[in-house]
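First the structure, in the form of structure tokens, and then the observations on it.
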Amino acid sequence: MSRAALLVLADGRFPAGGHAHSGGAEEAVKAGRITDAATLEAFCRGRLYTAGLVAAGLAAAAAHGMDPLDLDAAADARTPSAALRTAGRKLGRQLLRAARATWPAPELSALAAARPRGAHQPVVLGLTARAAGLGPEDAAYCAVYESVSGPATATVRLLSLDPFQATAVLARLAPAMDETVAAAVAAARRALAEGVDALPRASAPLLEIGAEAHRAWPVRLFAS
Amino acid sequence: MTAEAVAVAPVGVPAPASALSESALPESAPPAGPAPTGIRATARITARRHGSGATVLPVLEGEGPLAVRRIRGADGEARVALVGAMSAPLGGDRLTVRAAAEDEARLRVTSTAATIALPGQRGEPAYYDVELTVGQGAALHWLPEQLISARGSDLHVTTRADVTEDGVLVLREEQVLGRSGETPGRLTSRMTIWIAGRTLLDQELSCGPGAPAGWDGPAVLGGLRALGQLLVVRPEFTEAPVQPCMLGEHASLTPLAGPAALVTAVARDGLAVRRVLDTALESLMR
Amino acid sequence: MHLDHATTFPERHSHSAEPLRADGTRRALRIGLGGPVGSGKTATVAALCRALRDSVSLAVVTNDIYTREDADFLLREAVLPPERITAVETGACPHTAIRDDISANLEAVEDLEDEIGPLQLILVESGGDNLTATFSKGLVDAQIFVIDVAGGDDIPRKGGPGVTTADLLVVNKTDLAPHVGSDLQRMARDAKAQRNELPVVFQSLRSEQGVGEVAHWVRAKLAAWSAA
Chain A
1 MSRAALLVLA DGRFPAGGHA HSGGAEEAVK AGRITDAATL EAFCRGRLYT
51 AGLVAAGLAA AAAHGMDPLD LDAAADARTP SAALRTAGRK LGRQLLRAAR
101 ATWPAPELSA LAAARPRGAH QPVVLGLTAR AAGLGPEDAA YCAVYESVSG
151 PATATVRLLS LDPFQATAVL ARLAPAMDET VAAAVAAARR ALAEGVDALP
201 RASAPLLEIG AEAHRAWPVR LFAS
Chain B
1 MTAEAVAVAP VGVPAPASAL SESALPESAP PAGPAPTGIR ATARITARRH
51 GSGATVLPVL EGEGPLAVRR IRGADGEARV ALVGAMSAPL GGDRLTVRAA
101 AEDEARLRVT STAATIALPG QRGEPAYYDV ELTVGQGAAL HWLPEQLISA
151 RGSDLHVTTR ADVTEDGVLV LREEQVLGRS GETPGRLTSR MTIWIAGRTL
201 LDQELSCGPG APAGWDGPAV LGGLRALGQL LVVRPEFTEA PVQPCMLGEH
251 ASLTPLAGPA ALVTAVARDG LAVRRVLDTA LESLMR
Chain C
1 MHLDHATTFP ERHSHSAEPL RADGTRRALR IGLGGPVGSG KTATVAALCR
51 ALRDSVSLAV VTNDIYTRED ADFLLREAVL PPERITAVET GACPHTAIRD
101 DISANLEAVE DLEDEIGPLQ LILVESGGDN LTATFSKGLV DAQIFVIDVA
151 GGDDIPRKGG PGVTTADLLV VNKTDLAPHV GSDLQRMARD AKAQRNELPV
201 VFQSLRSEQG VGEVAHWVRA KLAAWSAA
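Which chain is which? The protein sequence lines are A, B and C, in order. The first sequence lines up with residues 1 to 224 when you count with this note's numbering. The second sequence lines up with residues 1 to 286 when you count with this note's numbering. The third sequence lines up with residues 1 to 228 when you count with this note's numbering.
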């Protein structure tokens with residue numbers, strides 16, 4: 001395995017559509033729940049331990065080689081908001097396109113054929129990690145980092161937040177990201193034996209509700 | 001300074017390293033060790049369709065703090081109320097309610113008062129499991145009063161429902177974090193819904209002191225203290241899924257990936273949550 | 001989702017600019033329209049739609065700063081049926097969506113072809129951006145850069161990737177030149193110096209000629225695309 005492949009996949013410039021998604025930050029900013037670096041940090045921490053943990057568990061399980069279609073159904077069950085399911089599949093489809101061009105693999109083509117409208121992004125992420133020669137822990141790291149870097153980058157654009165402050169927020173979250181990856185990887189290992197029910201399913205009510213509010217806006221900067 | 005120490009969470013306490021891995025455990029199994037001090041009690045309710053079209057209750061058993069009473073029904077529907085016979089769950093208790101609506105039966109279960117999770121003597125967690133089954137053409141309405149997580153309590157709630165393809169399930173779950181003005185206890189609540197053997201919904205909310213940090217922050221509960229969900233499974237939703245919409249500032253209705261709709265509401269108090277859920281229930285059952 | 005044709009096109013650098021659809025038919029020609037805010041991109045797109053819609057099967061993808069504003073303008077103007085206009089969110093970075101991470105736009109153009117059947121032409125309009133914003137070759141087959149005389153007659157001289165490399169440079173709102181003191185001769189000279197043989201069109205959508213020259217250029221591109 002090439003460790004550098006992890007940097008390629010985790011790079012914010014990896015062309016998989018993430019730049020147009022705020023991870024709920026656009027709605028939280030408009031609602032006044034994110035106003036500065038401190039509230040951004042609290043937002044990211046909550047997202048990390050919920051949506052981030054769930055995504056990391058799915059990604060790690062996919063990287064282990066669990067059936068991506070079972071995992072896709074598990075992602076549906078863990079995503080009550082229709083707006084978030086749509087966003088997750090849209091991002092999954094875009095990632096799959098980039099992944100197939102970057103690390104072509106039969107597994108990726110098979111998933112594209114089975115889910116032409118897109119599979120959930122964390123599942124594609126795990127499969128992409130596999131195709132890139134990376135492991136479950138690497139996939140989980142990509143998922144948790146995306147779960148907080150997306151909102152942080154979006155908040156820089158939405159609030160003109162000092163980019164140094166936003167990056168410092170991400171740096172302060174690093175130990176929590178490590179912890180989340182460990183929990184996700186452990187759960188994915190259990191899922192290998194016990195099935196997808198063993199995967200994390202932590203929910204964040206305001207992210208779910210906010211995603212529906214955001215979807216209904218007539219005018220927005222970000223897709224989610 | 002640890003990363004957790006700077007989290008903006010007015011009430012939240014920094015999460016211990018174990019909080020997260022615990023929340024990712026597959027089942028809320030009681031920890032091994034010395035025998036629990038609390039009560040183990042199970043209530044069972046089975047509703048069966050009688051030839052006359054009425055629904056009868058061949059099994060209606062309470063135990064310990066879980067008392068069950070048949071109340072007046074209507075239109076072929078049997079109604080049962082859970083009656084809080086003593087203060088429960090306390091730390092260390094393990095309570096289970098099993099309710100089944102067999103094929104074609106119609107059952108409605110309510111409760112007479114809010115359930116208050118209280119701390120036990122040794123600080124052990126309590127477990128409250130609800131297992132619901134809905135048979136072919138059956139309907140089960142599970143509409144208990146709120147669960148209040150009192151200061152110092154540690155409760156794991158697990159709600160699991162198995163619904164057949166053409167069954168109807170209406171499930172309401174409301175949680176209030178702390179009695180008026182009180183710091184809440186720790187509450188972990190998992191809801192898993194199966195339809196014809198496929199998982200429709202699997203979610204878990206962890207909040208209160210000791211929960212993973214951020215639970216009180218802008219992504220999860222935003223400092224609000226009451227949360228409610230209303231799940232409606234109806235075969236009609238296969239053909240005509242509900243349209244997602246907002247039902248208030250912090251309340252939304254969304255179709256699930258199956259014949260079901262879910263209302264999620266967060267508010268300052270339980271009353272505001274109930275108002276949203278009641279209105280939604282009326283429109284979803286139309 | 002379109003399959004890749006690695007064996008048919010081994011020289012291909014991008015998985016996005018595949019000229020054939022999954023069923024082997026030739027996909028729609030994609031033309032990008034970029035340029036600064038307010039230069040008249042949307043008005044040009046609207047005029048092109050009116051000029052071409054009777055003879056060409058076409059659709060439009062907009063990339064707004066704020067979603068749907070341009071798409072809504074086109075819908076209000078009823079230049080095309082609503083199913084032929086789609087909008088892409090750009091997360092406050094319109095140039096990223098057309099150049100650095102084109103995945104959402106690729107999904108949009110493919111979805112249009114999947115949903116409304118074979119198309120001959122898809123116009124991809126960028127959100128108003130700066131002079132360096134150009135379309136990725138993985139997204140479009142040709143691009144038009146739209147500037148206007150009111151934005152200053154020194155823009156062609158300043159150059160930048162849009163002005164120098166676009167397949168067609170459109171200098172818009174020539175009717176305003178006398179009012180804003182822009183020297184059209186100078187703009188033409190500077191553009192020629194920057195672009196060598198690449199074409200430049202001076203247009204006023206208010207004139208009788210309107211979008212005619214640009215439409216003519218698009219038709220020529222279409223003919224070349226179908227013949228290839």
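C-beta atoms are modelled at their ideal positions from N, C-alpha and C, and glycine is treated no differently. Bear in mind that the values here come from a model prediction, so they are computed numbers and not experimental data.
| Query | Result |
| --- | --- |
| Element boundaries [beta strand (DSSP E), containing B/Val163] | Asp154 to Val163 |
| Endpoints, the beta strand (DSSP E) within which C/Leu121 is located | Leu121 to Glu125 |
| Where B/Glu22 falls, given that 16 or more other Cβ within 10 Å makes a residue buried | With a pLDDT of 46 at B/Glu22, under the threshold of 50, the predicted position of this residue should be treated as unreliable, and no value is reported. |
| According to DSSP, residues forming a beta bridge with C/Asn63 | C/Val88 |
| Cutoff 7 Å; reference A/Ala305; Cβ partners in own chain excluding five residues on either side | Missing from the structure shown is residue 305 of chain A; chain A here goes from 1 to 224 and no further. |
| Touching by the beta-carbon criterion (3+ pairs, under 8 Å), the region 180-188 of chain A and the region 56-72 of chain A | yes |
| Rounded separation between B/Pro16 and B/Asp129 - CA only | Any reading at B/Pro16 must be qualified, since the residue scores a pLDDT of 42, below 50, and its modelled position is unreliable; no value is offered. |
| Contacting positions in the region 7-22 of chain A - beta carbon closer than 9 Å to chain C | Arg13, Phe14, Pro15, Ala16, Gly17, Gly18, His19, Ala20, His21 and Ser22 |
| Whole-number beta carbon distance between A/Gly118 and A/Lys250, since they are thought to touch under 8 Å | Only positions 1 to 224 of chain A appear in this structure, which leaves residue 250 of chain A out of reach. |
| Contacts of A/Gln94 in chain C (Cβ-Cβ under 9 Å) | Asp101, Ser103, Ala104, Leu106 and Glu107 |
| Own chain, CB closer than 6 Å to B/Glu61, minus 5 neighbours either side, in chain order | Arg44 |
| Closer than 8 Å to chain C by CB, A/Ala4 | no |
| Span separating the alpha-carbon of B/Ile193 from that of B/Leu169 | 10 Å |
| With 16 other Cβ atoms within 10 Å as the buried cut-off, status of B/Ala3 | Note on B/Ala3: pLDDT 37, under 50, position unreliable in the model; the coordinate value appears next. The residue in question, B/Ala3, is buried, as its Cβ has 16 or more Cβ neighbours within 10 Å. |
| Inter-residue Cα distance where the pair is A/Ile34 and B/Glu239 | 39 Å |
| Pairwise C-alpha distance: B/Thr133 and B/Thr46 | 9 Å |
| Unbroken beta strand (DSSP E) run spanning C/Phe202, endpoints | Val200 to Phe202 |
| C-beta neighbour in chain C for A/Phe222, strict 8 Å | yes |
| Segments assigned alpha helix (DSSP H), at least 4 residues, entirely inside the region 161-195 of chain A | 163-172 and 174-194 |
| Selected residue, minimal CA-CA separation from B/Val157, among B/Gly210, B/Ile195, B/Leu57 and B/Arg94 | B/Arg94 |
| Short CB-CB distance (under 8 Å) between C/Glu89 and chain A | yes |
| Contact with chain A by B/Ala280, beta-carbon distance below 8 Å | no |
| Start-end ranges of the alpha helix (DSSP H) lying completely within the region 164-192 of chain C, minimum 4 residues | 177-180 |
| Buried versus exposed call for A/Arg201 [16 or more other C-beta atoms within 10 Å across all chains shown] | buried |
| Per-residue DSSP class, three states only, for B/Ala42 | It should be noted that the sequence gives Thr, not Ala, for residue 42 of chain B. DSSP places B/Thr42 in strand when its eight states are reduced to three. |
| Beta carbon of C/Arg195 nearer than 8 Å to that of C/Leu169 | yes |
| Secondary structure of B/Ser21, DSSP reduced to three states | Because B/Ser21 sits at a pLDDT of 49, beneath the cut-off of 50, its placement in the model cannot be relied upon, and the following sentence gives the value as read from the coordinates. Residue state, collapsed to three classes: helix. |
| B/Gly222: contacting residues in chain A (beta-carbon distance under 7 Å) | Arg33 and Leu206 |
| Run of the beta strand (DSSP E) containing B/Ala81, from where it starts to where it stops | Glu77 to Gly84 |
| Proximal residues of chain C, C-beta to C-beta of A/Arg157 below 8 Å | Gly91, Ala92 and Cys93 |
| Interface flag, A/Gly118 vs chain B, CB-CB below 8 Å | no |
| Within chain A, the residues that C/Glu69 reaches when beta carbons sit closer than 8 Å | Val219 |
| B/Val8, DSSP secondary structure in three states | At B/Val8 the pLDDT is 34, less than 50, meaning the model places this residue with poor confidence; the figure from the coordinates comes in the next sentence. Residue state, collapsed to three classes: coil. |
| Buried/exposed call for A/Phe164, threshold 16 Cβ in 10 Å | exposed |
| Chain A within 8 Å of B/Pro212, Cβ atoms only | yes |
| Short CB-CB distance (under 8 Å) between A/Pro68 and chain B | no |
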